[in-house]
Amino acid sequence: MAYRFSWIAGAAAILLALLRMERLLRPIEGGPPWQLALLAGALLGGVITWTAVSYRVGWVGTALLNLGGLVLAAFRLGAAGTLVAGFLPSLETFPTLITELEFATGLIRYGAAPVFPAAGLILILTVVFWLLGALLAWGLLRTHPALGLLPPLLFYLQVATIDRIPPQIGWTTAFLAVAAITLLAVALDERSSTACL
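Residue numbers (our numbering): 4 to 200.
See below:
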């Protein structure tokens, strides 16, 4: 079954979560914006999973391919200055990663939004968005739309509870619209697939 409309709904849900993250993280002055890392994570997770499922790699192989990509992304995002030739870890890479992740954990536990987008925090969020992209591809290609479409909506709700700035009505409206579009997309896709049978 081709979930044509569900792909659009899933991408919209991930994009909505990304936009809501802008209320929790400050912009970066100088250098690429942190939004690019999160968007790239979602795209890479989706593309790697889509390719693996298309070539019938199996869930273990798909998970290993995603894990390999995540490890490389972790090196680049969390300890880029310690890499040899831009991608090989050195003796300083892992201690630097651990330090960045410890600092990010402190920001998550004790920071008040909007917080500084530290490298470890961007790394953690990139992993989350990578998983959202991978689950979207896996769920829709394996005909389990709930597995692909619910996580970005649930993550958005989690981000909304962390956001301490009183939300405007636009955020609630946008979430309800994306949730309604998601339900409609699944219904239309399932209806078109049964009509083709």
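Just so you know, even glycine gets a beta-carbon here, dropped at the ideal spot from N, CA and C.
query	result
Start-to-end residues for the alpha helix (DSSP H) that takes in P36	Taken as a continuous stretch (DSSP letters only), P36 belongs to no alpha helix (DSSP H), as it is neither H nor E.
Exposure label - W133; buried when at least 16 CB within 10 Å	buried
Own chain partners of M24 with C-beta closer than 8 Å, once the 5 adjacent residues on each side are dropped	Q38, L41, L128, V162
The region 178-195 / the region 139-158 touching (three or more Cβ pairs under 8 Å)	yes
Residues bridged to L91 (per DSSP)	V87
For A180 and G3, the rounded distance between their alpha carbons	Since the first and last residues shown for the chain are 4 and 200, residue 3 lies out of range.
Residues bridged to L28 [DSSP beta-bridge criterion]	V118
DSSP state of T96 mapped onto helix, strand, coil	helix
Start-to-end residues for the alpha helix (DSSP H) that takes in A77	62-81
Contact set for E103: own chain, Cβ-Cβ below 6 Å, skip 5 residues either direction	G81, A122, G123
Residue nearest to L160 in terms of C-alpha spacing, selected from W141, A20, W10, A45	A20
Residue closest to A177, alpha-carbon to alpha-carbon, out of G109, L22, I11	L22
Nearest neighbour of R167, chosen from A76, T52, R26, T54 [CA to CA]	R26
Distance between beta carbons of F90 and F78, contact taken as under 8 Å	7 Å
Collapsed DSSP secondary structure at T164 in the structure displayed	helix
Helix, strand or coil at P170 according to DSSP, with G and I counted as helix	coil
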